[in-house]
Amino acid sequence: MSDANDNSNQAAEKNARSQSEPAQDVHQWLEDVHFATLSTISQVDGIEGFPIGSVAPFAVDSDGKPYILIAEIAAHTKNLLSSNKMNLFIRNPESEGDPQTSWRASLIGKMKRIASPRNKDKFSKEHLQDCIHVTDEEEAILLARYSERVPHAESYLNVHNFSFWKMESILKVRYIAGFGRICWISGDEMEIEKDSELEEIKQSSIEHMNEDHEDSMITLCEGSHSFIPERVELLDIEPRGILMQTFEPDKLVYSSFGKAIAASDLRIEIVKLIKKARANIQSDSVEVE
């Protein structure tokens with residue numbers, strides 16, 4: 015590579031990092047976008063070793079790492095079983111004109127299948143050694159997070175022989191925020207630290223919501239998740255959303271804030287969720303009339 019190219023790359027990285035926090039941007043983009051292009055290494059005769067890509071819905075776990083839900087018969091499953099090296103490409107879905115003027119990112123790393131008591135008997139002992147093992151409850155939480163983005167995910171998981179695969183390691187991210195704002199982000203930069211301030215107020219906030227605002231959470235289920243439970247209990251609060259347990263029907267429900275919030279903004283962001291749900295209910299009632 016020439017000195018001129020080196021200088022251009024250094025200038026692009028300096029420009030990217032001086033105008034924003036690239037890792038934070040990518041985490042926000044993963045909240046903004048619910049579909050990506052997943053590329054894995056083909057195992058098809060004649061094109062072994064070549065990348066193959068297709069559109070894949072994804073969700074983001076509490077550690078900021080994306081995960082997908084794919085069928086056992088999918089090409090990506092066969093590819094990942096042979097080599098778990100992959101790339102997840104996201105881009106601004108609202109860009110107009112030249113797409114190169116807007117943001118995009120390639121997350122490069124490795125994926126592992128998530129195995130739970132529900133499905134572990136289907137896999138060989140050798141394969142299970144390479145899986146991420148979770149409890150039934152942990153898998154239910156993954157399903158709740160994913161179902162917020164893909165409402166029919168439960169039927170895929172329970173009926174159609176699908177499995178979760180998680181980006182267990184992010185090695186690097188190619189970050190492009192527009193012309194001249196380009197850099198590589200290391201995997202270490204993508205790690206998320208726990209918000210100690212939010213942890214301090216979480217339990218009291220959960221108790222307050224359960225004691226005084228169950229009606230608001232029922233509204234949230236109706237307006238944002240299209241069902242009305244008999245009862246709701248708030249189970250968890252994290253920087254990117256809240257997890258609820260509903261009864262009749264019994265299920266876990268996740269509602270995201272759409273961004274990582276600070277502890278000081280918790281009340282405001284929960285109110286926003288409720289207001290948006292109420293607006294959805296009113297809009298639906300107008301359409302029916």
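Okay, so the sequence shown: first residue is 15 according to this note's numbering, each after it adds one. Each residue gets a CB set at the ideal place from its N, CA and C atoms; glycine is no exception.
Any beta carbon of chain B sitting closer than 9 angstroms to that of residue i?
i: G111; result: No chain B is part of this structure, which consists of one protein chain only.
For residue i, report the span of its alpha helix (DSSP H) as first-last.
i: A158; result: D150 to R163
i: Q42; result: P36 to D46
i: M223; result: S210 to D226
i: A167; result: A167 to V173
i: K139; result: K139 to L142
Nearest-angstrom Cα distance between residue i and residue j?
i: A119; j: R105; result: 6 angstroms
i: R163; j: F72; result: 8 angstroms
i: Q143; j: F137; result: 10 angstroms
i: K134; j: N29; result: 47 angstroms
i: R292; j: D279; result: 20 angstroms
i: Q33; j: D229; result: 43 angstroms
i: S116; j: G192; result: 5 angstroms
i: A277; j: A85; result: 38 angstroms
i: H90; j: L102; result: 12 angstroms
i: L156; j: F49; result: 17 angstroms
i: E62; j: H141; result: 21 angstroms
i: T233; j: M258; result: 12 angstroms
i: R159; j: D250; result: 12 angstroms
i: Q114; j: I196; result: 12 angstroms
i: I288; j: I282; result: 10 angstroms
i: S96; j: L83; result: 18 angstroms
i: E225; j: Q42; result: 32 angstroms
i: E152; j: E207; result: 20 angstroms
i: Q57; j: V47; result: 29 angstroms
i: L171; j: A154; result: 10 angstroms
i: G272; j: D20; result: 37 angstroms
Taking the DSSP output, what are the residues bridged to residue i?
i: I55; result: P65
i: I82; result: W179
i: E247; result: Q259
i: F49; result: P71
i: E252; result: G255
i: V285; result: Looking at the DSSP assignment, V285 forms no beta bridge with any residue, so it has no partner.
i: N21; result: The partner list for N21 (beta bridge, DSSP) is empty, contrary to what the question assumes.
i: S200; result: K186
i: I146; result: I128
In chain order, what residues of the same chain have a beta carbon less than 6 angstroms from the beta carbon of residue i, not counting five sequence neighbours either side?
i: H174; result: none
i: S109; result: S116
i: N23; result: none
What does a CB cutoff of less than 8 angstroms around residue i pick up in its chain, not counting 5 residues either side in sequence?
i: F261; result: P243, E244, R245, V246 and E247
i: P131; result: T149 and D150
i: W198; result: E27, K186, V187, R188 and Y189
Near residue i, which residues of its chain fall below 7 angstroms by C-beta distance, leaving aside the five closest residues on each side in sequence?
i: I184; result: K79, L121, G123, G201 and M204
i: K180; result: D75, K79, Y81, M125, K126, I128 and I146
i: P253; result: D209, L212, A274 and I275
i: C235; result: F241, I242, P243, V246, T260 and V267
i: G194; result: A26 and N29
i: N294; result: G237 and S238
i: G67; result: T51, L52 and S53
i: K99; result: I55 and K124
i: P36; result: A30, Y189, C197 and I199
For the beta strand (DSSP E) holding residue i, just list the boundary residues, first then last.
i: S183; result: F176 to I190
i: A89; result: Note, A89: premise wrong, no beta strand (DSSP E); alpha helix (DSSP H) at A89 to S96.
i: I128; result: R118 to A129
i: K265; result: K265 to S270
i: M100; result: K99 to R105
i: S109; result: Careful: S109 lies outside any beta strand (DSSP E) and carries neither H nor E.
If you count every other CB in all the chains shown that lies within 10 Å of the CB of residue i, and 16 or more means buried, which is it?
i: I87; result: exposed
i: H166; result: exposed
i: I284; result: buried
i: D39; result: buried
i: E221; result: exposed
i: S177; result: buried
i: S269; result: buried
i: G111; result: exposed
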